[in-house]
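As structure tokens, the structure follows; a few thoughts come after it.
Number of protein chains: 4
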Amino acid sequence: MRKYKVAVLGATGMVGQKFIQLLSDHPWFKLSALAASERRVGKSYCEEVEWKISADIPEEAGEMTMLPLEPREIDADIAFSALPSGIAKKVEIEFAKAGFVVASNASAFRMEKDVPLMIPEVNPEHLQLIEVQKRNRRWDGFIVTNPNCTAIMFTITLKPLLNLGLEDVKVASMQALSGAGFPGVPSLAITDNVIPFIRGEEEKVEEEPLKLLGEFNGSEIVPAPIKVSASCHRVPVIDGHTEAVWTQFNGEVGVEDVIDAFGTLKTLGLPTSPEKVIIVRREEDRPQPRLDRDEGKGMSITVGRIRKDGKNSVKYIVLGHNTVRGAAGASILNAELMAKQKLI
Amino acid sequence: MRKYKVAVLGATGMVGQKFIQLLSDHPWFKLSALAASERRVGKSYCEEVEWKISADIPEEAGEMTMLPLEPREIDADIAFSALPSGIAKKVEIEFAKAGFVVASNASAFRMEKDVPLMIPEVNPEHLQLIEVQKRNRRWDGFIVTNPNCTAIMFTITLKPLLNLGLEDVKVASMQALSGAGFPGVPSLAITDNVIPFIRGEEEKVEEEPLKLLGEFNGSEIVPAPIKVSASCHRVPVIDGHTEAVWTQFNGEVGVEDVIDAFGTLKTLGLPTSPEKVIIVRREEDRPQPRLDRDEGKGMSITVGRIRKDGKNSVKYIVLGHNTVRGAAGASILNAELMAKQKLI
Amino acid sequence: MRKYKVAVLGATGMVGQKFIQLLSDHPWFKLSALAASERRVGKSYCEEVEWKISADIPEEAGEMTMLPLEPREIDADIAFSALPSGIAKKVEIEFAKAGFVVASNASAFRMEKDVPLMIPEVNPEHLQLIEVQKRNRRWDGFIVTNPNCTAIMFTITLKPLLNLGLEDVKVASMQALSGAGFPGVPSLAITDNVIPFIRGEEEKVEEEPLKLLGEFNGSEIVPAPIKVSASCHRVPVIDGHTEAVWTQFNGEVGVEDVIDAFGTLKTLGLPTSPEKVIIVRREEDRPQPRLDRDEGKGMSITVGRIRKDGKNSVKYIVLGHNTVRGAAGASILNAELMAKQKLI
Amino acid sequence: MRKYKVAVLGATGMVGQKFIQLLSDHPWFKLSALAASERRVGKSYCEEVEWKISADIPEEAGEMTMLPLEPREIDADIAFSALPSGIAKKVEIEFAKAGFVVASNASAFRMEKDVPLMIPEVNPEHLQLIEVQKRNRRWDGFIVTNPNCTAIMFTITLKPLLNLGLEDVKVASMQALSGAGFPGVPSLAITDNVIPFIRGEEEKVEEEPLKLLGEFNGSEIVPAPIKVSASCHRVPVIDGHTEAVWTQFNGEVGVEDVIDAFGTLKTLGLPTSPEKVIIVRREEDRPQPRLDRDEGKGMSITVGRIRKDGKNSVKYIVLGHNTVRGAAGASILNAELMAKQKLI
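Protein chains in written order, with the numbering used here: chain A, 901 to 1244; chain B, 901 to 1244; chain C, 901 to 1244; chain D, 901 to 1244.
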């Protein structure tokens, strides 16, 4: 099989680095270009990047020369975007216009009506929005996005609960430092501390799940009829977002109902798919970020402490790797699904 | 004024140490005895204690000889109990029988029908249970308790909200290491990690507020008609419990209503009282444990990020010092209130 | 007594904040001006500063309007400089020319031949360099400096060892995060990690002690005839530099000789002087930064684990508070000494 | 090739767990028995162990039934000992008498005259002591040991420097939490802190390198004629000991001499051997424990910041994984060397 050529836009940041690591030796995708801001153009990647992943820079990527964020300079089928939202707003459109499939981790277009916001195991049918987008915008390519790193974790667990009559969700997140990029959170600010605020986070966490869990009615996504309320906090953890979730249903639901429902969410068998989408642990003190974040190479969601909370309510803890399942891995899985469906 | 003589039971543990620190130079109380488990008896405190507070051991206390946990060996008016719950169950009864006022931080008797569970600013009228207790038990002394360190923080904020029609509360705690005592949580377990479980904690956090906010009907406490659901987590913070709270009311409530209500909770002007019981901060990223835990010498509660969450609901963050307002300081404030009311 | 009017140059940084905290309620000094970079001028201090100290901003300082770094705009006798070295190079000269006593924490002029590099308890006689400096430079004022935060800690302990025949010193530092200012070290870089490099640090740590321990020969400082070799490392500690020190002598020296020598370094009785300059602890596991950094309000040096290391050698651990004894407190103590000697 | 049957003594502790992880799928060794203290005997390993490694328990090991620490109950060729030193003293002798090859990580016998203390790349010829041991003790089996986890890291780097005229070594360690086992260091003791003391550590670190670098004269090891002085400190790092090393020679030595010498230490090509024994990094801020500890699957030593320190002296930073190269991996590499030399 011929591999798709893929570019990474915003290659030197934390998420860009994770893209490069995850794309190394990918069975379907071959890294063909690294693009970054003007001042880096023309330099080799390994000279320019402040590499923060403990495994070494994949050799092939390290030797690449950095290219500008301009479509005509880039030779690729797919452009993975790790751009900051402000820049993504402009650059991703240019790439889509120029015919690229843009698989974006940026928040810029997630809530646009004709842009799919995807978790392959949750709402694969939303890829039909691509047709709508192409019709609307008359671009040669298109944009597909993945959700916010905190939203994605618990939304995966909500999908199988919809059928049980889910109505209301509260989520308190304890988010990892890597979610803020590099340099990100100063050590003086977070050592021996919790910061109970992450700018713009609660809004995304409350809004995106409704689109993700919504129904495609042929022309747009009808948001799921649930309410999500979030309280987001930063804790001194390197990787892995931990989330305390309360779910309320329109009737009685038990712990085993919820566990059974979680079991119905099956792997898609794509290259980056985890064997188990949701891992349920029955120990009293799991999941924990340091112990569970690497499950399924960072693509599994681990759930634990599922407990009854009154007649119609169940609460539990969710954990996932925020830069893998919550960022680069999410975009790559989206691209794999599109490749499988011959949308690329 | 003659000072009351006070003993500390369980003087070598973390809470015992905090008692000794807070009682040093107390205007009403004079430390007269330190009691601990059998193997320490007869030794000087400073030899035996593994002192964990950065300020030095108060000299007077350091030179005291450790006494056994036996009433007849102790010369004091008040016995502050920092005992583990299992031991407290037996020892506190013996001290109460022998005529001591037992001001206990242990959980052993908190939920007993005739034992006051007190936060002086919240339910001072519950001290009337002392009469009931004395009648029931025919002890010469009596037991008064303070709540769990996580429960106390947000319960203080709930008191002024009762009048606004409070019905339902959800709380996600991010609890400090000192809450687990010493040695407590192994560093290997919590470095770069969150532990989403604290044994027995959620039960206490869900149950105690109902008693604390309940009404004394002349013979017992009628629990407040609200529901509390908790999810408790340990984070790598030395002191200070941070709590994300959702409150739901039976009608519309706004952010300023809540702030106004918080302002109605006045200081009692006791020696250990903070000037402000609840401090409201309006910065977007406060309270934070390292920055706010020492407010009011550890006795103030700091609240921030008060925000609307749908029509009838408000959410906010609460923070307090778990070994001061949440343990030793709470017991001492209880004793001060009793002293002022001539109950000792 | 009339108080000296003092200004803080570079008032919004970490060291600037510490100056303001330590100068609040100072018996000899009264804060009269806060100066900072151009973009902050005209704004009130409390609006502009990102205050990082847990105690609140002293009210008086909070309400001050920020002034430019220009001598004619500043009404003060002493200018405390918390400026970055590059800016200090230019600005401090302007202030000295304009007649100010500049008490600087910056490294810019520390090693200039006619600029005193001072630790009041170690080399008070070096203040005679002021005369030399005035003669050389024909400024109306002058510059006096304090050493690097890592150098100052162990240099204080070396002073009393000079008479024992000290020849060679090796020091391995484990330095606190606050030494790097704010934002400083990213949390992602230092969590679960040690960074064995601090730019420019080892050079200062090896060079400054020789001047500090040198002799004033009437016109300049003859460096002490010892060799210092340093290895500097950053560790995840908020405040307090820990230093492992090896000292080698030209003859046999015992542990008690060293302890006796440390006892000879007496407090100067200045307002900011600690009661004990060097505190020797005999426990096997002290000093520790979290437990000992606040000794003497951050101005004492704590030494422990003093142990024999072959016939002519002794090793020990030194600890001191890097932003107090190692920065703002050091400058203030210098100014107090000058005030006492009527040099201001 | 038939695999050797191997047992792990002390299987439930931190080092025991690491043995089990490293022995899973070993090409030469097959886990045949897990032995532990009396109270665990008869139970399955996965029930009993408090597994602390993030990867799951190897299935085969998890299902094993725990056996007592008695030779006749154990069917194995090699007994890997992760026992505490006190117990090792008795149990390892019993296993050696009973004919087992005991590859021990305990300190009990390391300094015994006829017991090899081994680092395969450093002193393989010391295995000749086995003959001496067998002659002396008339046991059917024998004991071979690996060094202390802090000693092993820098001793590997000293070996190639011996020929350059090495005379004196000073080492300041910044040691990881996992070196203290589980529960080990309390989080309250080490958060925002450094503990400058590890019981018994400096003695081992100063003594063991002399034996490791010594010469076998046909009957015993003549210690290397160098002096080592250590200062050992615990820092808040999970895995990976960082060591600042000063080396002094009897003549001039340059940085490139040292780098060249490090390159002469070749891999032995055993199953657990790293490709590179010593990795030299030229960045100014490496090695760092979180970034470099897993090099060579935890068996490589990373060295950096090699710098001149006067004419006859060089200083540098060493890093290695303390539970792999410093414990379980060290014992396994010893056993592999013995297997290759047909000593088992």
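All C-beta atoms, glycine included, are put in the ideal place defined by N, C-alpha and C. Small disclaimer: the values here were computed from a predicted structure and weren't measured.
| said: What residue range does the alpha helix (DSSP H) around S1004(B) cover? | reply: Locating residue 1004(B) in the second sequence gives position 104, counting from the first residue. No alpha helix (DSSP H) contains S1004(B), which is instead part of the beta strand (DSSP E) from V1001 to S1004.
| task | Would you identify the three-state DSSP class for D1068(B), choosing helix, strand or coil? | result | The sequence position of residue 1068(B) within the second sequence is 168, counting from 1. Strand at D1068(B).
| request: Return no unless some Cβ of chain C is closer than 7 Å to the Cβ of L983(B). | output: Along the second sequence, read from residue 1 onward, the residue named residue 983(B) stands at position 83. Output row for L983(B): interface = no.
| message | DSSP has W1146(D) in a bridge; who is on the other side? | response | Taking the fourth sequence and counting its residues from 1, one reaches residue 1146(D) at position 246. Answer is K1070(D) and K1215(D).
| said: Excluding the 5 residues flanking K1176(D) on each side, which residues of the same chain have their C-beta closer than 6 Å to its C-beta? | reply: Looking up residue 1176(D) in the fourth sequence gives position 276. These residues qualify, in order along the chain: S1200.
| field | Contacting positions in the stretch 1174 to 1195 of chain A - beta carbon closer than 7 Å to chain D | value | R1190, L1191 and D1194
| task | Ignore the nearest five residues each way along the sequence and tell me which others in M964(B)'s own chain have a CB closer than 8 Å to its CB. | result | The count along the second sequence starts at 1 and reaches residue 964(B) at position 64. Here the set comprises L931, A933, L934, S944 and Y945.
| In chain order, what residues of the same chain lie with their CB nearer than 7 Å to the CB of M914(B), ignoring the 5 residues before and after it? | Here residue 914(B) refers to the residue found at position 14 of the second sequence. Correct list, in chain order: K952, S1078, G1081, F1082 and T1223.
| message | Taking 7 Å as the threshold (beta carbon to beta carbon), is L922(C) in contact with chain A? | response | Counting from one through the third sequence, the residue named residue 922(C) turns up at place 22. Chain A contact via Cβ: absent.
| Nearest to P1171(C) by alpha carbon, out of M1074(C), K1208(C), K905(C) and F929(C)? | Here residue 1171(C) is taken as the residue at index 271 of the third sequence, counted from 1. Measuring from the Cα of P1171(C), the nearest candidate turns out to be F929(C).
| query | Secondary structure at S1119(B), three-state DSSP: helix, strand or coil? | reply | Stepping through the second sequence from its first residue, residue 1119(B) is reached at position 219. Three-state DSSP puts S1119(B) in coil, outside helix and strand.
| the stretch 1128 to 1152 of chain B: positions lying closer than 7 Å to chain A by Cβ | S1129, S1131, H1133, V1135, P1136, V1137, I1138, T1142, A1144 and W1146
| Counterpart residues of S1131(C) in DSSP-defined beta bridges | Counting from 1 along the third sequence, the entry for residue 1131(C) is found at position 231. Looking at the DSSP assignment, S1131(C) forms a beta bridge with A1072(C).
| said: Quick check on the burial criterion: 16 or more other C-beta atoms within 10 angstroms. Buried or exposed for N1046(D)? | reply: Position 146 of the fourth sequence, counted from the first residue, corresponds to residue 1046(D). Counting Cβ neighbours within 10 Å, N1046(D) comes out buried, since at least 16 surround it.
| Nearest-angstrom beta carbon gap, L1112(C) and T1057(C) [assumed within contact, 8 Å] | The residue you call residue 1057(C) lines up with position 157 of the third sequence. The residue you call residue 1112(C) lines up with position 212 of the third sequence. That pair is no contact at about 12 Å.
| field | Candidates G1084(A), S1213(A) and L1088(A): closest to D1068(A) by CA position | value | Position 168 of the first sequence, counted from the first residue, corresponds to residue 1068(A). It is S1213(A).
| said: Let's see if you can read the secondary structure: which residues bound the alpha helix (DSSP H) around K1104(D)? | reply: Position 204 of the fourth sequence, counting from 1, holds the residue named residue 1104(D). Note, K1104(D): alpha helix (DSSP H), E1101 to L1112.
| said: Using DSSP's beta-bridge definition, name the partner residues of F980(C). | reply: The residue you call residue 980(C) lines up with position 80 of the third sequence. Answer is V908(C) and A1003(C).
| message | Tell me the rounded alpha-carbon separation between E947(C) and I920(D). | response | Here residue 947(C) is taken as the residue at index 47 of the third sequence, counted from 1. Here residue 920(D) is taken as the residue at index 20 of the fourth sequence, counted from 1. Taking the straight line from one Cα to the other gives about 58 Å.
| task | Spell out the partners DSSP gives H1141(A) in its beta bridges. | result | As a working note, residue 1141(A) is residue 241 in the first sequence. Answer by DSSP bridge pairing, in chain order: G1220(A).
| Short CB-CB distance (under 7 Å) between D1092(C) and chain B | Here residue 1092(C) refers to the residue found at position 192 when the third sequence is read from its first residue. So yes, D1092(C) belongs to the interface.
| task | Decide if the stretch 1136 to 1149 of chain D is in contact with the stretch 1128 to 1146 of chain C; the criterion is three or more beta carbon pairs, one per stretch, under 8 Å apart. | result | yes
| said: Please tell me whether Y1171(D) has its Cβ less than 7 Å away from any Cβ of chain B. | reply: The count along the fourth sequence starts at 1 and reaches residue 1171(D) at position 271. It is worth fixing the name first, because residue 1171(D) is Pro in this sequence and not Tyr. So, not an interface residue.
| request: Within the stretch 909 to 962 of chain C, note down every full beta strand (DSSP E) run reaching 3 residues or more, in order along the chain. | output: 929 to 935
| said: Cβ closer than 8 Å: which chain C residues qualify as neighbours of G1084(A)? | reply: If you number the first sequence from 1, residue 1084(A) lands on position 184. By Cβ distance, chain C contributes P1086, S1087 and L1088.
| the stretch 1033 to 1053 of chain B: positions lying closer than 7 Å to chain A by Cβ | none
| Tell me which same chain residues have a C-beta within less than 6 Å of the C-beta of V1158(D), skipping the five on either side of it? | Position 258 of the fourth sequence, counting from 1, holds the residue named residue 1158(D). I1206 and V1214, listed in sequence order.
| How many Å lie between V1022(C) and G1196(B) at the Cα? | As a position in the third sequence, residue 1022(C) is number 122, starting the count at 1. As a position in the second sequence, residue 1196(B) is number 296, starting the count at 1. Distance between the alpha carbons of V1022(C) and G1196(B) is about 39 Å.
| task | Select from the stretch 1066 to 1084 of chain B all residues with a C-beta closer than 9 Å to any C-beta belonging to chain D, and list them in chain order. | result | L1077, S1078, A1080, G1081, F1082, P1083 and G1084
| Mind checking if S944(C) is an interface residue toward chain B, Cβ cutoff 7 Å exclusive? | The residue given as residue 944(C) occupies position 44 in the third sequence. False, the Cβ-Cβ gap to chain B never drops below 7 Å.
| task | Compare the C-beta of D1209(D) against all C-beta atoms of chain C and say whether one is closer than 7 Å. | result | Residue numbering aside, residue 1209(D) sits at position 309 when the fourth sequence is read from its first letter. Judged by the 7 Å Cβ criterion, D1209(D) is in contact with chain C.
| said: My output table needs one value for K1013(D): the three-state DSSP class, helix, strand or coil. | reply: Within the fourth sequence, numbered from 1, the residue matching residue 1013(D) stands at position 113. In the structure shown, K1013(D) sits in coil (DSSP, three-state: anything other than H, G, I, E or B).
| said: Quick check: the Cα distance between L976(A) and A907(A), rounded to an integer number of angstroms? | reply: Counting from one through the first sequence, the residue named residue 976(A) turns up at place 76. Counting from one through the first sequence, the residue named residue 907(A) turns up at place 7. Strictly speaking, residue 976(A) in this sequence is Ala, with Leu absent from that position. Between A976(A) and A907(A), the C-alpha separation is close to 6 Å.
| Are the stretch 1124 to 1132 of chain D and the stretch 1102 to 1111 of chain D touching, with three or more C-beta to C-beta distances below 8 Å? | yes
| query | If we count the other Cβ atoms within 10 Å of its Cβ and call it buried at 16 or more, is Q917(D) buried or exposed? | reply | Within the fourth sequence, residue 917(D) is the residue found at index 17, counting from 1. Flag for Q917(D) reads buried.
| message | If I follow the unbroken alpha helix (DSSP H) through R972(D), where does it start and stop? | response | As a working note, residue 972(D) is residue 72 in the fourth sequence. Counting along the chain, R972(D) falls outside any alpha helix (DSSP H), and DSSP gives it neither H nor E.
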